[in-house]
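Beneath this line is the structure, given in structure tokens, with notes to follow.
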Amino acid sequence: MQHLRRLLEIENSELARLLRFSLYGLETSLKKAQAEFSDDPGAKICDEVLQELCHLLQPSTVAPLNNITSTNELKLTRLRDEFNDDKELTLYLGNSPLQSQIDSDLWNEIQRKLLRIPEDVATYWRQHALNLAQEAGAIQDNSNLYQLPFIRDEIIYPGLSGSVNVQGLQLSQNEITHGQESSDMYLLAYMVTLLTKLIEIEPDLHHALKSIFSFDVVSLHSKPEQRTQYIETLSDRFQRIQKAEENAYPLLTLRAWIDMDEAIHSLIFVPPAERYSWWGKLQQESRRILKKVADKANNAGYDVRIRQLSGLYADICAFTKDDLQLDCGGTPGEVLTCLRVYARINQEECLGRVIFRTLR
């Protein structure tokens with residue numbers, strides 16, 4: 018515990034922030050498991066573990082010990098409270114309240130949650146968050162941004178300076194090799210890299226990839242072995258596409274792209290990100306390329322149809338297999354996200370897979 022505390026106390030450390038988010042995820046997972054397995058022989062020790070985690074994550078553990086001003090008081094308290102109280106946001110994010118205990122973490126947590134909701138709602142909240150931050154003595158700062166390599170430049174969300182100092186997040190072409198920007202493989206390569214980086218900094222990410230675990234969605238931060246398996250599968254499926262492209266066999270390429278698209282869309286939140294959110298649009302880039310690959314197969318003389326499954330689950334369940342259900346997000350009885358497209362390839366039916374909202 019001593020070394021954990023020392024790392025958490027380091028200011029402006031990405032490693033400290035990653036550790037803090039991981040500990041929050043562990044705390045949440047243990048609480049949920051404890052409620053489910055109340056008679057477990059480890060329940061009493063689990064209480065003690067949770068107490069240690071709570072003490073470790075107290076704001077005082079990340080603040081200078083000689084700071085006379087109270088470090089427990091958030092400057093962005095109003096932002097936190099209004100965000101937690103917004104009933105519309107719970108439709109997209111579920112009922113989990115914000116977990117952060119310090120202003121910089123709170124800013125990042127809120128901004129990352131906004132990437133999962135419809136763009137019009139997110140646009141309102143980004144401006145409202147900036148207004149409330151300014152009231153607390155902070156200003157927007159686009160000069161201090163954590164960069165993620167991608168094929169385009171994009172400020173995902175700004176940082177702050179003044180009373181609150183925190184990095185924002187940016188997609189950047191600075192660290193990539195130029196010259197093949199129009200290549201779908203080039204886009205896919207950097208999407209795999211981007212998703213891997215996002216997994217490192219986003220503690221709320223889950224996976225629903227059937228080849229790893231078929232019975233439920235799994236937190237990537239409370240299950241590090243599954244996180245490793247997911248990243249390895251993502252890389253393996255990318256390599257399969259590379260080999261298929263080299264062989265120039267349309268159906269082999271198509272099947273590899275369907276598997277790759279499934280892996281990308283199986284990286285989810287609970288509830289899943291809204292289709293027209295930042296996350297939804299990023300993942301749809303894979304599905305856009307998949308449609309082009311299917312068109313190439315049709316042009317080569319094969320009979321190929323693919324279908325992204327949406328709408329009422331009762332209307333599409335005949336085209337799916339091994340679906341998952343959640344009791345949050347979306348509308349009861351409707352598909353929340355299409356993990357794997359339905360495909361018909363030369364009269365062979367390849368069933369899709371979805372997550373849908375229960376009717377309860």
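Counting in my numbering, the sequence shown runs from 18 upward without gaps. Ideal Cβ placement from N, Cα and C applies to all residues, glycine included.
Whether residue i touches residue j by CB criterion (8 Å)
{"i": "glycine 185", "j": "alanine 155", "result": "no"}
{"i": "valine 234", "j": "leucine 132", "result": "no"}
{"i": "proline 288", "j": "cysteine 345", "result": "yes"}
{"i": "isoleucine 168", "j": "leucine 204", "result": "yes"}
{"i": "leucine 165", "j": "lysine 214", "result": "yes"}
{"i": "lysine 313", "j": "proline 267", "result": "yes"}
{"i": "glutamate 378", "j": "methionine 202", "result": "Lying outside 18 to 377, the shown extent of the chain, residue 378 is not represented and no answer is given."}
{"i": "methionine 208", "j": "serine 303", "result": "yes"}
{"i": "arginine 322", "j": "glycine 350", "result": "no"}
{"i": "leucine 3", "j": "glycine 176", "result": "Since the first residue shown for the chain is 18 and the last is 377, residue 3 is missing from the structure and cannot be characterised."}
{"i": "aspartate 170", "j": "glutamine 190", "result": "yes"}
{"i": "leucine 43", "j": "leucine 70", "result": "yes"}
Helix, strand or coil at residue i according to DSSP, with G and I counted as helix
{"i": "phenylalanine 241", "result": "The sequence shown places proline at residue 241, not phenylalanine. Three-state DSSP puts proline 241 in a helix."}
{"i": "alanine 317", "result": "coil"}
{"i": "glycine 111", "result": "coil"}
{"i": "arginine 254", "result": "helix"}
{"i": "serine 294", "result": "coil"}
{"i": "serine 39", "result": "helix"}
{"i": "isoleucine 26", "result": "What sits at residue 26 in the sequence shown is glutamate, not isoleucine. Note: glutamate 26 maps to coil in three-state DSSP."}
{"i": "aspartate 158", "result": "strand"}
{"i": "valine 209", "result": "helix"}
{"i": "threonine 354", "result": "strand"}
Where residue i falls, given that 16 or more other Cβ within 10 Å makes a residue buried
{"i": "glutamine 128", "result": "buried"}
{"i": "alanine 225", "result": "buried"}
{"i": "glutamate 306", "result": "For clarity, residue 306 is isoleucine in the given sequence; the question names glutamate instead. Buried."}
{"i": "glycine 318", "result": "exposed"}
{"i": "arginine 377", "result": "exposed"}
{"i": "phenylalanine 280", "result": "According to the sequence provided, residue 280 is alanine. The question's phenylalanine does not apply to it. Classification for alanine 280: buried."}
Alpha-carbon to alpha-carbon, residue j and residue i
{"i": "arginine 95", "j": "aspartate 332", "result": "44 Å"}
{"i": "threonine 107", "j": "phenylalanine 286", "result": "13 Å"}
{"i": "tryptophan 124", "j": "aspartate 158", "result": "13 Å"}
{"i": "arginine 272", "j": "histidine 223", "result": "24 Å"}
{"i": "isoleucine 229", "j": "aspartate 278", "result": "15 Å"}
{"i": "isoleucine 248", "j": "aspartate 221", "result": "16 Å"}
{"i": "arginine 370", "j": "valine 358", "result": "7 Å"}
{"i": "asparagine 101", "j": "leucine 115", "result": "7 Å"}
{"i": "aspartate 320", "j": "valine 310", "result": "13 Å"}
{"i": "aspartate 56", "j": "valine 66", "result": "17 Å"}
{"i": "valine 352", "j": "histidine 20", "result": "45 Å"}
{"i": "leucine 299", "j": "isoleucine 173", "result": "12 Å"}
{"i": "threonine 337", "j": "threonine 270", "result": "22 Å"}
{"i": "serine 239", "j": "leucine 47", "result": "9 Å"}
{"i": "leucine 149", "j": "threonine 140", "result": "15 Å"}
Sequence-distant residues of the same chain with beta carbon closer than 8 Å to residue i, five excluded per side
{"i": "serine 231", "result": "Asp339"}
{"i": "isoleucine 27", "result": "Ala33"}
{"i": "lysine 92", "result": "Asp120, Ala153, Gly154, Ala155, Ser180, Val181"}
{"i": "glutamine 301", "result": "Arg292"}
Other residues of its chain near residue i: CB distance less than 7 Å, five sequence neighbours each side excluded
{"i": "glutamate 291", "result": "Tyr109, Arg133, Ile134, Pro135, Gly297"}
{"i": "leucine 284", "result": "Leu212, Leu222, His224"}
{"i": "leucine 237", "result": "Ile216, Leu222, His223, His224, Gln243, Arg244, Tyr247"}
{"i": "glycine 328", "result": "Glu351, Val352"}
Contacting residues, own chain, Cβ-Cβ under 6 Å from residue i (five flanking each side not counted)
{"i": "glycine 347", "result": "Leu353, Arg374"}
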